[in-house]
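Undergrad:
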Amino acid sequence: MRAKYVLAEVLVGLWRNVTMTIAMMITMTVSLSMLGASLLMYVQVDKMKTFYYQQVEVSIYLKNDVTPEQRSDLESKLNNDALVETVLYETKEKAYENFKEMFGDAPDMVQSVGPNEMPESFRVKLKDPTQFEAINGEYKELPGVSTIVDQQQLLAKVFDVLGAIQTMSLIVAAVMGVAALLLVANTIQVAAYSKRREVAVMKLVGASNWFIQMPFVLEAVFAAVIGAILAGGLLIVVKLFVLEGSLVALTNLLTPVRWPDVLMMFPVLAGVGGLISAVTAWVTLRFYIRV
Amino acid sequence: MIRLDHVTKTYPKASRPSLDDVSVGIEKGDFVFFIGPSGSGKSTIVKLLLREISPNRGKVNVNGKEISSMRSWKIPHFRRSIGCVFQDFRLLPNKTAYENVAFAIEVIGKSKAVARRVVPEVLELVGLGGKEHRYPHELSGGEQQRVAVARAFVNRPLILLADEPTGNLDPDTSIEIMRLLDRINRTGTTVVMVTHDSNIVNQMRRRVIEIEGGRIVRDQARGVYG
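Below, the structure written as structure tokens:
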């Protein structure tokens, strides 16, 4: 009887105040989908970082007039350097091969240069990819060295952009979240007010506090769970039609967002949304239904 | 059963206490009137006994429990041992007489089956047999108060608190409600009634405690309104 009573109260409560309920669900949906998107992005950026940072190298380009002694001095110094994991020497010919491959669809460009215009280089993999500055300081003034390029710095710019998008969606999630919580608090106040007579009688005859508060709290949780389901659906739509639709080229360049991660957002968002609105509702009731 | 021990209650911002060092004892099965002018502190006693408020000083002991220092989560269970009737009936307008009484049973976690067994009995006891399915607006004031008494009594409380239960009723109907409270008192329930209806006090000839300015000025075994 209790479960049935509570459930009936929840549904009647949501229906009595249906415009507010819908407003609550919409703000929940937007807030939770933004939260879900930024969580996915966080997982994604993390995975991409480990994937790309495993491959990044520091390229030490040599001058055209480098002497064989300078080259072998550099190589032995690099091989004995504690910061360095592996060293790969790239000849002018190999660099030209790579160049031809990279610009294969621009034959004019390939024809305009020969192997001699390509710089030879050492491809250095660091034990700790963040130690670029130490390497740079130590090698850039050595004879025969032209320039030193850190691929990680190029990647860092990409990750900066992704990070900014993520921060922005978190901010939107937070702002919408605050709006959603205010709506929850308001809905609960209205619900408590419309049932004030019942609540007064319940307190008078000694109904336990949880029995009085449960229907109100569940109302908020119910709306949050609906919001979470809609938000999860929104994420799926975005993956299907945006990431794998209009933005497929970008998606292929980055590591793809995996389905299990997207589906994981349903329980995560429902849990986060449900918990936060339950707490909000409960705190609101503490002020409105005094013992 | 009920014992106030040097109880002082001053509301915030009030210049003088509503109750000033009041001590009084009420035994099980007693029928007691609290009388006095408006603002004398009668209603404060009702609120103290229901633990809606707690005293600034002194102790309130009800059913052997010290309630002035009771933890708030224990209050609901404590209130199940007290029935309460008010001047304004406080019935739920969208529920029938039966549903109003059953509500009091169901919200403390008892089953509908219990309600089906007990509610008709109690409605019969208060003289509303046959009117179970009327809504409050279809009942007279006296009948509404009977529903309220039925609701207060249905969980068999040890104490029945009545805060000016006849305040909205005409003299004849008031007498009927008093007969009903008297009958409930005879089942062993302690009845505490706050009133300023002199007719009723004079007719009943029960214990009268008069309060004025927050102090007990008279406590008489078979008293009159005076």
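Protein chains in written order, with the working numbering: chain A, 1 to 291; chain B, 1001 to 1226.
All C-beta atoms, glycine included, are put in the ideal place defined by N, C-alpha and C.
Among B:I1200, B:R1003, B:K1112, B:T1008, which one has its Cα closest to the Cα of B:G1214?
TA: B:T1008
Undergrad: Could you check where the alpha helix (DSSP H) with B:F1153 kicks off and where it finishes?
TA: 1141 to 1153
Undergrad: Between A:V190 and the rest of its own chain, which residues show a CB-CB distance below 6 Å, the 5 nearest in sequence each way excluded?
TA: N17, listed in sequence order.
Undergrad: Mind checking whether B:L1160 and B:G1083 have CB atoms under 8 Å apart?
TA: yes
Undergrad: Is there a Cβ from chain B that is less than 8 Å from the Cβ of A:L14?
TA: no
Undergrad: What do you get for A:F241, buried or exposed, if any count of 16 or more other CB atoms within 10 angstroms of its CB means buried?
TA: exposed
Undergrad: For the region 196 to 226 of chain A, which residues have a beta carbon sitting closer than 9 Å to at least one beta carbon of chain B?
TA: Going along the region 196 to 226 of chain A in chain order, one finds R197, E198, A200, V201, M202, K203, L204, V205, G206, A207, S208, N209, F211, I212 with a Cβ nearer than 9 Å to chain B.
Undergrad: Would you call B:P1165 buried or exposed, if buried means 16 or more other Cβ atoms sit within 10 Å of its Cβ?
TA: buried
Undergrad: Measure the beta-carbon distance from B:V1114 to B:A1150 and round it to whole angstroms, keeping in mind my assumption that it falls under 8 Å.
TA: With a Cβ gap of about 15 Å, B:V1114 and B:A1150 do not count as contacting.
Undergrad: Determine the direct distance from the alpha carbon of A:Y288 to that of A:Q151, and round the result to whole angstroms.
TA: 59 Å
Undergrad: If you follow the beta strand (DSSP E) that A:I22 is part of, which residue opens it and which one closes it?
TA: Per DSSP, A:I22 belongs to no beta strand (DSSP E); it is in the alpha helix (DSSP H), 18 to 53.
Undergrad: Under three-state DSSP, which class holds B:L1004?
TA: strand
Undergrad: So, under 8 Å CB-CB, A:V145 and A:L62 are touching, yes? Tell me the CB distance rounded to an integer number of Å.
TA: 6 Å
Undergrad: Say whether chain A places a C-beta atom closer than 8 Å to the C-beta of B:V1107.
TA: Closer than 8 Å to some Cβ of chain A, the Cβ of B:V1107 qualifies, so yes.
Undergrad: Going along chain A, which residues have a C-beta under 8 Å from B:A1104?
TA: V201, V205
Undergrad: Rounded to whole angstroms, what's the CA-CA distance from A:V149 to A:L83? Just pull it up for me.
TA: 16 Å
Undergrad: Skipping 5 residues on each side, what residues in its chain have a beta carbon closer than 8 Å to that of B:M1204?
TA: F1031, F1033, M1178, D1182
Undergrad: Could you give the C-beta distance for B:S1068 and B:V1060, rounded to a whole number, given that I count them as a contact under 8 Å?
TA: 5 Å
Undergrad: Can you name, in chain order, every residue of its own chain whose Cβ lies under 8 Å from the Cβ of A:V221, other than the five neighbours on each side?
TA: G274, S277, A278, A281
Undergrad: Would you call the region 1085 to 1093 of chain B and the region 1114 to 1126 of chain B in contact, with 3 or more CB pairs under 8 Å?
TA: no
Undergrad: Would you tell me roughly how many angstroms separate the C-alpha atoms of A:E85 and A:L142, rounded to the nearest one?
TA: 20 Å
Undergrad: To the nearest angstrom, how far is it from the Cα of B:D1219 to the Cα of A:L218?
TA: 51 Å
Undergrad: Using a Cβ cut-off of 8 Å, which residues of the region 4 to 35 of chain A contact any Cβ in chain B, in chain order?
TA: Y5
Undergrad: Of all Cβ atoms in chain A, is any one closer than 8 Å to the Cβ of B:R1080?
TA: yes
Undergrad: What distance in whole Å lies between the Cβ atoms of A:M25 and A:I226, which are believed to be in contact at a cut-off of 8 Å?
TA: 5 Å
Undergrad: Since I believe B:V1024 is in contact with B:I1216 (beta carbons under 8 Å), could you give me their beta-carbon distance rounded to a whole number of angstroms?
TA: 6 Å
Undergrad: According to the Cβ coordinates, are B:I1035 and B:V1192 closer than 8 Å?
TA: no
Undergrad: 8 Å is my cut-off, CB to CB: does B:N1168 come that close to chain A?
TA: no
Undergrad: So which of B:N1199, B:T1195, B:H1196, B:Q1145 has the shortest CA-CA distance to B:L1180?
TA: B:Q1145
Undergrad: Measure the C-alpha to C-alpha separation of B:P1171 and A:Y5 and round it to an integer number of angstroms.
TA: 40 Å
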